[in-house]
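When we follow the working numbering, the leftmost residue of the sequence shown carries the number 1, and every step to the right adds one. Below is one structure, written out as structure tokens; comments come after it.
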Amino acid sequence: MSDSEAQFRTILENAPVMIDAFAADGSVLLWNHECERRLGWTAAELAEMDDPLAVFYPSEDQRAVVFASIERADGKFREYEVVAKDGTVRIQQWADFLLPNGSRISVGHDVTEQRKVEANLRQAQKMQALGTLSGGIAHDFNNLLTIICACASLAQREVPEDSEMARFLQQILKAGEDGADLVRRLMSFSRRDRLRRRAVVFDDVIAKFLPTLRRLIPESLELSIDLDAGDAVVLADRVAIEQVVINLVTNARDAIDGQGTISFRTRKANGPRGPEVHLEVEDDGSGMTRETQERVFEPFFTTKERGSGTGLGLPTAYGLVGQHEGTIDIRSAPGVGTTVRIRLPEHHADPDMLTPSAPMRGLGAGNGETILVVEDDRTVSTMTSRSLQAAGYVVLTASGGDQALAILDEAPEIALVLSDVVMPRMGGEELRRRMAEGPHASVPIAFMSGYNDELDESARLLPKPWTPQQLVVFVRLCLDEAAERNR
Ligand SMILES: Nc1ncnc2c1ncn2[C@@H]1O[C@H](COP(=O)(O)OP(=O)(O)OP(=O)(O)O)[C@@H](O)[C@H]1O
Ligand SMILES: [Mg+2]
């Protein structure tokens, strides 16, 4: 080989793209450094192979496309899935050229990472669109359910307890509450529910929840637990984290037919943005196909039989984890099993002192206090008033923030303002601001809404849809709290 040939070869060997060359008889002429780096095989290993293409392209269809491209040798890039030495599938683009002496040269580059980034972006955009859509539906649905539940509950008071009508009404209420549960889960997905996050030791939260978890799992399944995040603190809503854990463990349980193991691990790790806490739920159940994996975070996507899955478990987990600035990823293979990993940022602060929540008092009965209900939906307003009146409160109503301020000027006896959040003209948050700045700063205000993005963390909130019982208990709590503050 001449000097310049040798130099030429060195350049090809070290080129930043993959280059391989085969003689007409199939022997290897070149397998450069980049080929080895991307696919794992060395030139010596390649020379040993009987049929390298069968190794790189196990699927016959894919191999046929490769052959056709080699045949054409038109120098155009085509995209392939190539199996590397470690068994991973790489996405690569290759172009083939033919020399007059019958040797073939191929040039390729690896786009696996790029495709991954693109897929993540597409997934993020899809999830955002679905979030907006389902959040909007949940919002409107909430008002309907509030009316259904409240009407059924009020009607119950009008009929004898053991009548058939009472049973029908009970069924309506039950269905309404199931609907409310569904809506709540949708709201978690679209990140419209409200979390109470505080600094907690992650392993403590999980450890306290283990007994409940065990009850979810039948005897035939082994539950292996390894809590190793130590004293790592996260900023988390305990109930939300429990919900995520339930959803993951339920899925793992459902994926195992007969005997199997669910492994549950926590640990500290270093992530791209700093220290993290990881939670992994692994099962050796059915696993998922690629097609399933691509869709699991879509609301209502389920492979389970009608009635046994709603397809909201993972979307809810996705939404809740996102609200903790965390991420969730899934590794799964059919017949092998599934590992779901949650990553949460570690929080650097002492865990909050546990403040016990106020005990529920009585059944929320009123003592003739005056409540100003601010609600633009006429039916919801009527239901709210009727429920409060039935519980012993005096009720005034306003259809918006502006009217509420006018009524407050006229009626000094108002003990509590109970307001919707989203209303035309003046919404709940502005009403609160105006009250705080003006002569009504001492009147407490609480909100009822299913759509609480724009509310301050400290605001008292009754999530819609509520039942009349929840409404009166909530109002009593707000009044008692205000009384305590003024004492
Ligand atoms: N651990 C797992 N193993 C195998 N498949 C899973 C696993 N977790 C989720 N899946 C698949 O993802 C789908 C969606 O899961 P998701 O939890 O969102 O809904 P679901 O379990 O079907 O219903 P729901 O949780 O609302 O009762 C499941 O139907 C199942 O096909
Ligand atoms: Mg599920």
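Cβ coordinates follow ideal geometry from the N, Cα and C atoms, glycine included.
For residue i, count neighbouring C-beta atoms within 10 Å of its own C-beta (all shown protein chains included) and say buried if the count is 16 or more, exposed if not.
i           : result
residue 96  : buried
residue 58  : exposed
residue 500 : With the chain covering only 1 through 487, there is no way to say anything about residue 500.
residue 133 : exposed
residue 511 : Coverage of the chain is limited to positions 1 through 487, which leaves residue 511 absent and any answer about it impossible.
residue 136 : exposed
residue 239 : exposed
residue 160 : exposed
residue 289 : exposed
residue 429 : buried
residue 89  : exposed
residue 281 : buried
residue 468 : buried
residue 316 : buried
residue 523 : This structure cannot settle anything about residue 523, because the visible part of the chain is limited to 1 through 487.
residue 412 : exposed
residue 67  : exposed
residue 458 : exposed
residue 218 : exposed
residue 356 : Per-residue confidence for residue 356 stands at a pLDDT of 35, beneath the threshold of 50, marking its modelled position as unreliable; the derived number appears in the next sentence. The residue in question, residue 356, is exposed, as its Cβ has fewer than 16 Cβ neighbours within 10 Å.
Ordered along the chain, which non-local residues of its own chain (more than five positions away) have a Cβ less than 8 Å from that of residue i?
i           : result
residue 365 : 391, 392, 472, 476
residue 221 : 253, 256, 259, 260, 261, 262
residue 482 : 415, 416, 444
residue 224 : 261, 262, 263, 264
residue 65  : 78, 80
residue 438 : 405
residue 309 : 254, 302, 303
residue 182 : 310, 312
Can you look up residue i in the DSSP assignment and give me helix, strand or coil?
i           : result
residue 270 : strand
residue 84  : coil
residue 49  : coil
residue 172 : helix
residue 226 : strand
residue 384 : helix
residue 261 : strand
residue 105 : strand
residue 110 : strand
residue 237 : coil
residue 177 : helix
residue 468 : helix
residue 391 : coil
residue 282 : strand
residue 487 : coil
residue 276 : strand
residue 36  : helix
residue 232 : coil
Since residue i is in the beta strand (DSSP E), which residue starts that stretch and which ends it?
i           : result
residue 337 : 337-345
residue 198 : 198-201
residue 371 : 370-374
residue 449 : 445-449
residue 463 : 461-463
residue 22  : 18-22
residue 416 : 414-419
residue 30  : 28-31
In chain order, what residues of the same chain have a beta carbon less than 7 Å from the beta carbon of residue i, not counting five sequence neighbours either side?
i           : result
residue 362 : Note on residue 362: pLDDT 42, under 50, position unreliable in the model; no value is reported.
residue 237 : 195, 196, 197
residue 273 : 345
residue 427 : 401, 421
residue 15  : 32, 34
residue 379 : 147
residue 231 : 201
residue 42  : 36
In its own chain, which residues sit with a C-beta less than 6 Å from the C-beta of residue i, not counting the 5 before and 5 after it?
i           : result
residue 314 : 296, 297
residue 423 : 376, 400
residue 180 : 145, 465
residue 39  : 84
residue 234 : 202, 277, 344, 347
For the alpha helix (DSSP H) containing residue i, name the first residue and the last one.
i           : result
residue 328 : Where residue 328 is concerned, there is no enclosing alpha helix (DSSP H), although the beta strand (DSSP E) it sits in stretches over 327-333.
residue 91  : Unbroken run through residue 91 is the beta strand (DSSP E), 89-98; no alpha helix (DSSP H).
residue 312 : It is not in any alpha helix (DSSP H) - residue 312 carries neither H nor E in the DSSP assignment.
residue 508 : Given that the chain is displayed from residue 1 to residue 487, the structure contains no residue 508 and the question cannot be resolved.
residue 302 : Segment: none, residue 302 is in no alpha helix (DSSP H) and carries neither H nor E.
residue 69  : 60-72
residue 8   : 3-13
residue 291 : 290-295
Check whether the stretch 317-328 and the stretch 208-216 touch, using three or more Cβ-Cβ pairs below 8 Å as the test. no
Should the stretch 4-11 be regarded as contacting the stretch 41-55, the criterion being three or more beta carbon pairs within less than 8 Å? no
Taking contact to mean 3 or more Cβ pairs, one atom from each stretch, closer than 8 Å, check whether the stretch 281-293 and the stretch 333-345 are in contact. yes
So, does the stretch 148-156 touch the stretch 168-185, judging by three or more C-beta pairs under 8 Å? yes
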